[in-house]
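One structure is given here, and the rest of the page talks about it.
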Amino acid sequence: MERLNFVADQLFTPGPTPTPTSVKLAYQMTEVYHRSKEFELVFRNCIDGLKPFFGSERDPVILTCSGTGAMEAAVSNLTNEGDMVGVIECGKFGNRWRKICEAFKCNVKSFEIEMGKGVQWDTLDNFFEKSRDLNVLFLQAHETSTGALIPFEQIAKIAKLKMPNLLVVIDAISCLGAHRVHMRDLGLDCVIAGSQKGFGVAPGLSFIALNDRAWERISGRSRFYFDLKKEAKGQATGRSAYTPAISVVLGLWASLQEIKKIGGVDAFIHHHQRMALAFRAAISEMQLDFFVEETLRSNVLTSVKIPESLDGIKLLEIAKKRYGAIISGGQDELKGKIFRFSHLGFVSEFQLISGISALEFALSDLKWRHEVGTGVKSAMSSLQETRKTIPNV
Ligand SMILES: *Cc1c(COP(=O)(O)O)cnc(C)c1O
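Here the sequence shown is numbered in our numbering, starting from -18 and rising by one per residue.
Given below as structure tokens:
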């Protein structure tokens, strides 16, 4: 059975995420010249608007590329060939850090965390004890392939105690805006984010912020497109080195205005926290299990184990085809075993509830044992409750 197909499908995916109307309207402005005073002002305003998300002492740099491009920029600008670097791996994106570092001929020492599980602290301590020669440590703040938060703050602290000269680089691509990743307060040297995740803008831009320490440690490698020093110099007055993704920059400016309207970064994080709590309340009520340990569940997305008796691929197919909800599945070895429901970015209460209802319908179509409507009911109760009780973070 196909549904009436007169509205767009709703995204419950951790990038791209739903786009506010004002952002869509901003894309309509065509034939904008990136060397005009007006555009340079918008570009500069975007940098100023992004700064509080990073809590950085220096301006973030905007790059025209997907998030992985900024990861590559971090590696190519902060390492030299042959450097010893550390990578924390607990899923697909941690794995990507390793691959990029290897492509740039670094000596990689990798520490693995079991997917969805917490850190074995004594093993980690051992790892750092044995690798005191690390120049840079690369890790995620949130592993999007599992929905697990990584205790990056503690990891950075422990590593820096042992290696005072270590640079810590955080891939916060999927969680900036949904969790606090404050560079100054948490002593982080470099943080990365992207346009299509928390900011609810089209893919095409990534952001990278370095602190003074990291700027002083820019390596001597040869590089061209991702020359952060060159970019930062021009971007001080709103000029990118090359043609930026102009329409995405215009969208980003609109998105930053939207976030400002609801009260800024902290209010946005607060919103994410409420959405995550409500979704988890629904899942608990629907007799499903979480993939990630309780203390590591994120405000970004919730990954849920697909019961053995259900066909996980079919479940998501039904949610999309019959009900118009696009929910992410598991990747690689988690394919068919989990689904990842994203509440990242501009997901409203109403959208969240409609997404849960789609999930409930699809589960029911596959004869899952929960009583239809119980998920929606508990999510609504949670939203009403947290509207009163969650303090601004
Ligand atoms: C999405 C994502 C990336 C990669 O971003 P692309 O824009 O697809 O290149 C990297 N790290 C994390 C944690 C992500 O969620």
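Beta carbons are placed, not taken as given, at the ideal position from N, Cα and C, and that holds for glycine.
Nearer than 6 Å: is that true of the beta carbon of residue i relative to any heavy atom of ligand 1?
i       : result
Thr49   : yes
Gly311  : no
Thr127  : no
Phe119  : no
Ile81   : no
Ser155  : yes
Asp152  : yes
Phe74   : yes
Gly(-4) : yes
Gly185  : no
Gly175  : yes
In or out: residue i buried (at least 16 other Cβ within 10 Å) or exposed?
i        : result
Gly201   : exposed
Gln9     : exposed
Leu148   : buried
Leu209   : buried
Thr127   : buried
Leu22    : exposed
Trp234   : buried
Val374   : For Val374, the predicted model reports a pLDDT of 43, less than 50, meaning its position is unreliable and no value from the coordinates is stated.
Lys178   : buried
Arg(-16) : exposed
Leu79    : Looking at the sequence provided, one finds Arg at residue 79 rather than Leu. The residue is buried, with at least 16 neighbouring Cβ atoms inside 10 Å.
Ser57    : buried
Gln135   : exposed
Val(-12) : exposed
Leu6     : exposed
Arg16    : exposed
Phe(-7)  : buried
Ser329   : exposed
Thr125   : buried
Phe327   : buried
Phe331   : exposed
Gly276   : Strictly speaking, residue 276 in this sequence is Thr, with Gly absent from that position. By the neighbour-count rule (16 or more Cβ atoms within 10 Å), Thr276 is not buried but exposed.
Asp170   : buried
Glu266   : buried
Arg77    : buried
Phe205   : exposed
Asp193   : exposed
Ala343   : buried
Gly356   : buried
Ser203   : exposed
Gly354   : exposed
Using beta carbons (cut-off 7 Å, strictly below), is residue i in contact with chain C?
i     : result
Thr60 : The chain inventory of the structure shown lacks chain C, comprising one protein chain alone.
Report yes if the C-beta of residue i is less than 6 Å from at least one heavy atom of ligand 2; otherwise report no.
i       : result
Thr(-6) : By its list of ligands, the structure shown excludes ligand 2, since it contains just ligand 1.
What are the complete alpha helix (DSSP H) segments, minimum 4 residues, inside the region 267 to 336?
293 to 302
Whole runs of the alpha helix (DSSP H) within the region 38 to 111, excluding any shorter than 4 residues
48 to 59, 73 to 84 and 102 to 111
Three Cβ pairs or more, each shorter than 8 Å: is that satisfied between the region 286 to 302 and the region 359 to 371?
no
I'd like to know if the region 268 to 286 and the region 154 to 170 are in contact, where contact means that at least 3 CB-CB pairs between them fall below 8 Å.
yes
Counting pairs of beta carbons, one from the region 93 to 109 and one from the region 128 to 145, are three or more of them closer than 8 Å?
yes
Take every Cβ of the region 2 to 16, pair it with every Cβ of the region 132 to 141, and state whether three or more of those distances are shorter than 8 Å.
no
Determine, using beta-carbon pairs with one atom in the region -14 to 3 and one in the region 169 to 183, whether at least three such pairs fall under 8 Å.
yes
Every unbroken beta strand (DSSP E) within the region 181 to 232, with a cutoff of 3 residues, ordered by chain
186 to 191
With three or more C-beta pairs closer than 8 Å as the rule, is the region 270 to 279 touching the region 253 to 262?
yes
With a cut-off of 8 Å, do at least 3 Cβ pairs link the region 17 to 35 to the region 48 to 64?
no
Between the region 239 to 254 and the region 212 to 231, are three or more C-beta pairs nearer than 8 Å?
no
Tell me whether the region 37 to 45 and the region 209 to 218 touch, counting them as touching only if at least three CB pairs, one residue from each stretch, are closer than 8 Å.
yes
Runs of beta strand (DSSP E) lying entirely within the region 99 to 180, each at least 3 residues, in chain order
117 to 121, 148 to 152 and 171 to 175
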